[in-house]
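Asker: Below you'll find the structure I mean.
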Amino acid sequence: MNPAEQTVCSNFLQHIQFEKRLSHHTLTAYTKDLEQFCVFLATECNVDQPELADFRHVRSWIVSLVEGDMDKSSVNRKIATLRAFFGFLLRRKAIDFDPMSKIQALKTSKKLPQYVEEKPMDMLLSDVEFPDTFEGIRDKLVLELLYGTGIRLSELTGLKTADVNLYEKTITVLGKRNKHRIIPLTDPLFVLIQQYSRYKEETFLGQADRVHLIVSDKGVPAYAMLIQRIVTRHLTLVTTLEKKSPHVLRHSFATHLLNRGADLNAIKDLLGHSSLAATQIYTHTSLEQLKNTYDQAHPKAKK
Numbered sequence: 007m008n009p010a011e012q013t014v015c016s017n018f019l020q021h022i023q024f025e026k027r028l029s030h031h032t033l034t035a036y037t038k039d040l041e042q043f044c045v046f047l048a049t050e051c052n053v054d055q056p057e058l059a060d061f062r063h064v065r066s067w068i069v070s071l072v073e074g075d076m077d078k079s080s081v082n083r084k085i086a087t088l089r090a091f092f093g094f095l096l097r098r099k100a101i102d103f104d105p106m107s108k109i110q111a112l113k114t115s116k117k118l119p120q121y122v123e124e125k126p127m128d129m130l131l132s133d134v135e136f137p138d139t140f141e142g143i144r145d146k147l148v149l150e151l152l153y154g155t156g157i158r159l160s161e162l163t164g165l166k167t168a169d170v171n172l173y174e175k176t177i178t179v180l181g182k183r184n185k186h187r188i189i190p191l192t193d194p195l196f197v198l199i200q201q202y203s204r205y206k207e208e209t210f211l212g213q214a215d216r217v218h219l220i221v222s223d224k225g226v227p228a229y230a231m232l233i234q235r236i237v238t239r240h241l242t243l244v245t246t247l248e249k250k251s252p253h254v255l256r257h258s259f260a261t262h263l264l265n266r267g268a269d270l271n272a273i274k275d276l277l278g279h280s281s282l283a284a285t286q287i288y289t290h291t292s293l294e295q296l297k298n299t300y301d302q303a304h305p306k307a308k309k
């Protein structure tokens, strides 16, 4: 970006970071989207300042993304970035019209969240033997926390030792938009946290990071790629799902709760969703499972 681009974009990014308090992940995505848009403007439209872009420039960028076979959901995220960016400029009177006013999101088919069935999850956490080492206990705790509480990857890596309430048997999680929520722990999960803490102390002789709960093999705070590797390696043992990620365990947590009769509003609060609409997708997953059970079991169902 040239200096002019950097100024207007930096003002917007500072706004969403410090005033809107969006997550680091969202900030990174917005930054990347704006950089790509500015490069397109400069190379394809001969426009060197993003605030000078009009409807035609935005539409041309979207067309180029679609023609480049970018996934529609990814294109829609970039549209959302520009909508937020130009809305910010309009409110600050940096532009006189909004080039996004006639831009619509692309239609996408609604994908049901992927999740692991209850039986394979029970097999993983009950039957699979984890090594009696720091790494083994740490890996099991990672899986148990993701599946047992439904927290996000970023929430797990950000979880502090002080966030574990030893008396109430709960954890306090810092979610999106800096909102805190309290999640109860099962007795086995609480015991596992205590066991892990002892292994952590003994393995690193008190030299490991004390602030963060989950640490790497070297005693430093756990990072996203480490958690991803742990989850992928262990889910491979029990499922053939193409996608094996921490978010799959979050989906599994919510789906299993709903299938066992949990209240949808309670699930919403546990997941940290701001509205019930985001949680309702799990009702579709539950309904799909119900249909499959019917098709397999009812004598009048289609075979």
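Count along the sequence shown starting at 1, add 6, and that's the number in the numbering used here.
The beta-carbon is built from N, C-alpha and C at its ideal position, and this holds for glycine as well.
Remember, predicted model here, so these are calculated numbers, not experimental data.
Name the residue from E50, S280, L152 and K117 whose alpha carbon lies nearest to the alpha carbon of L241.
Answerer: Taking the first residue of the sequence shown as position 1, residue 241 is located at position 235. The shortest Cα separation from L241 among E50, S280, L152 and K117 belongs to L152.
Asker: How many angstroms separate the CA atom of A284 from the CA atom of F92?
Answerer: To locate residue 284, count along the sequence shown from 1; it is residue 278. To locate residue 92, count along the sequence shown from 1; it is residue 86. Near 26 Å, if we compare the C-alpha coordinates of F92 and A284.
Asker: So, with DSSP's three-state summary, where would you put K166?
Answerer: Taking the sequence shown and counting its residues from 1, one reaches residue 166 at position 160. In this structure, K166 counts as strand in the three-state DSSP scheme.
Asker: I believe A260 touches G156 by the beta-carbon criterion, under 8 Å. Please report the beta-carbon distance rounded to the nearest angstrom.
Answerer: Within the sequence shown, the letter at position 254 stands for residue 260. Within the sequence shown, the letter at position 150 stands for residue 156. With a Cβ gap of about 6 Å, A260 and G156 count as contacting.
Asker: By the 10 Å Cβ neighbour count, where 16 or more other Cβ atoms means buried, how is E150 classified, buried or exposed?
Answerer: In the sequence shown, counting from the first residue as 1, residue 150 sits at position 144. With 16 or more other Cβ atoms within 10 Å, it is buried.
Asker: Do you know offhand how far S1's Cα is from D169's?
Answerer: Residue 1 lies beyond the stretch modelled for the chain, which goes from 7 to 309, so this question has no answer here.
Asker: Between W67 and E208, what straight-line distance do the alpha-carbon atoms span, to the nearest angstrom?
Answerer: In the sequence shown, the residue the question calls residue 67 occupies position 61. In the sequence shown, the residue the question calls residue 208 occupies position 202. Their Cα atoms are separated by approximately 55 Å.
Asker: Could you give the residue range of the alpha helix (DSSP H) that holds V254?
Answerer: Taking the sequence shown and counting its residues from 1, the one referred to as residue 254 is at position 248. Segment P252 to N265, the alpha helix (DSSP H) holding V254.
Asker: Pick helix, strand or coil for T176, following the three-state DSSP scheme.
Answerer: Locating residue 176 in the sequence shown gives position 170, where the first residue counts as 1. Looking at T176 - three-state DSSP - the assignment turns out to be strand.
Asker: Rounded to a whole number of angstroms, what is the C-alpha to C-alpha distance between L282 and L270?
Answerer: Looking up residue 282 in the sequence shown gives position 276. Looking up residue 270 in the sequence shown gives position 264. When rounded, the distance between both Cα atoms is 8 Å.
Asker: Going by DSSP, what residue range makes up the beta strand (DSSP E) through I68?
Answerer: Your numbering for residue 68 matches position 62 in the sequence shown. Unbroken run through I68 is the alpha helix (DSSP H), F61 to E73; no beta strand (DSSP E).
Asker: Using DSSP with H/G/I as helix, E/B as strand and the rest coil, what is R98?
Answerer: Here the question's residue 98 lines up with position 92 in the sequence shown. Residue state, collapsed to three classes: coil.
Asker: Rounded to whole angstroms, what is the Cα-Cα separation between D133 and K146?
Answerer: Residue numbering aside, residue 133 sits at position 127 when the sequence shown is read from its first letter. Residue numbering aside, residue 146 sits at position 140 when the sequence shown is read from its first letter. Near 12 Å, if we compare the C-alpha coordinates of K146 and D133.
Asker: Do the stretch 39–50 and the stretch 59–73 make contact, defined as three or more Cβ pairs closer than 8 Å?
Answerer: Contact between the stretch 39–50 and the stretch 59–73 is present, because at least three Cβ pairs lie under 8 Å.
Asker: Can we say the stretch 159–178 touches the stretch 211–219, given the rule of at least three CB pairs closer than 8 Å?
Answerer: Flag = yes, the stretch 159–178 and the stretch 211–219 touch.
Asker: Does the beta-carbon distance from P252 to V237 come in below 8 Å?
Answerer: In the sequence shown, counting from the first residue as 1, residue 252 sits at position 246. In the sequence shown, counting from the first residue as 1, residue 237 sits at position 231. For P252 and V237, yes; Cβs fall inside 8 Å.
Asker: Out of D77, A35 and G142, state which residue places its alpha-carbon closest to the alpha-carbon of L112.
Answerer: Within the sequence shown, the letter at position 106 stands for residue 112. Considering only alpha carbons, the answer is D77.
Asker: Considering just the uninterrupted stretch of the alpha helix (DSSP H) at I220, what are its terminal residues?
Answerer: Looking up residue 220 in the sequence shown gives position 214. Here I220 belongs to no alpha helix (DSSP H), and DSSP marks it neither H nor E.
Asker: Expressed to the nearest angstrom, what Euclidean distance is found between the alpha-carbon atoms of L88 and D128?
Answerer: The count along the sequence shown starts at 1 and reaches residue 88 at position 82. The count along the sequence shown starts at 1 and reaches residue 128 at position 122. So the alpha carbons of these two residues sit roughly 44 Å apart.
Asker: Have a look at R27, T13, E135 and N52 and flag the residue whose alpha-carbon is nearest the alpha-carbon of L180.
Answerer: Numbered from its first residue, the sequence shown carries residue 180 at position 174. L180 has its Cα closest to that of R27, out of R27, T13, E135 and N52.
Asker: Relative to the C-alpha of F103, which residue among F24, Q213 and E57 is closest?
Answerer: In the sequence shown, the residue the question calls residue 103 occupies position 97. Comparing Cα-Cα distances from F103 to each of F24, Q213 and E57, the minimum goes to E57.
Asker: Select from E174, Q201, N184 and L198 the residue whose C-alpha is nearest the C-alpha of E190.
Answerer: Counting from one through the sequence shown, the residue named residue 190 turns up at place 184. Here residue 190 turns out to be Pro, not Glu, going by the sequence shown. Nearest of E174, Q201, N184 and L198 to P190, Cα basis: E174.
Asker: Could you give the DSSP three-state label for R187: helix, strand or coil?
Answerer: Here residue 187 refers to the residue found at position 181 of the sequence shown. Three-state result, R187: strand.
Asker: Quick check on the DSSP output: what are the complete beta strand (DSSP E) runs of length 3 or more inside the stretch 101–162, in order along the chain?
Answerer: Entirely contained in the stretch 101–162, not one beta strand (DSSP E) run reaches 3 residues.
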